[in-house]
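The structure under discussion appears below in the form of structure tokens.
In the numbering used here, the protein residues as written are 7 to 105.
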């Protein structure tokens, strides 16, 4: 539980640094997953599987991340187990979008 509390606090700090952005952690329903994700009650469960079908239709054991920008461009990172996408700085975002 200490790891879950640490992640929740870390996530709150990340949100505070991104004033004009919304950060979400979402997972599909079920119990066959990492205990830290399973027991973290702050993670939204996509019970209808709409987001999974729309954005994450390719399964990945470690999880995927997507950053959707206001202009509808996006960055998708397959198998982003530690949510590195939340740490991306403006320069890295621009570099990835330029590809």
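The beta carbon of each residue, even a glycine, is placed where N, CA and C say it ideally should be.
Check: Secondary structure of residue 92, DSSP reduced to three states; Outcome: helix
Check: Cβ neighbours of residue 87 in the same chain (closer than 8 Å, five flanking residues each side left out); Outcome: 68, 69
Check: Residues bridged to residue 79 [DSSP beta-bridge criterion]; Outcome: Answer is none; residue 79 lacks a bridge partner.
Check: Inter-residue spacing [alpha-carbon to alpha-carbon] between residue 48 and residue 80; Outcome: 24 Å
Check: Proximity below 8 Å, CB of residue 106 to CB of residue 34; Outcome: Since the first residue shown for the chain is 7 and the last is 105, residue 106 is missing from the structure and cannot be characterised.
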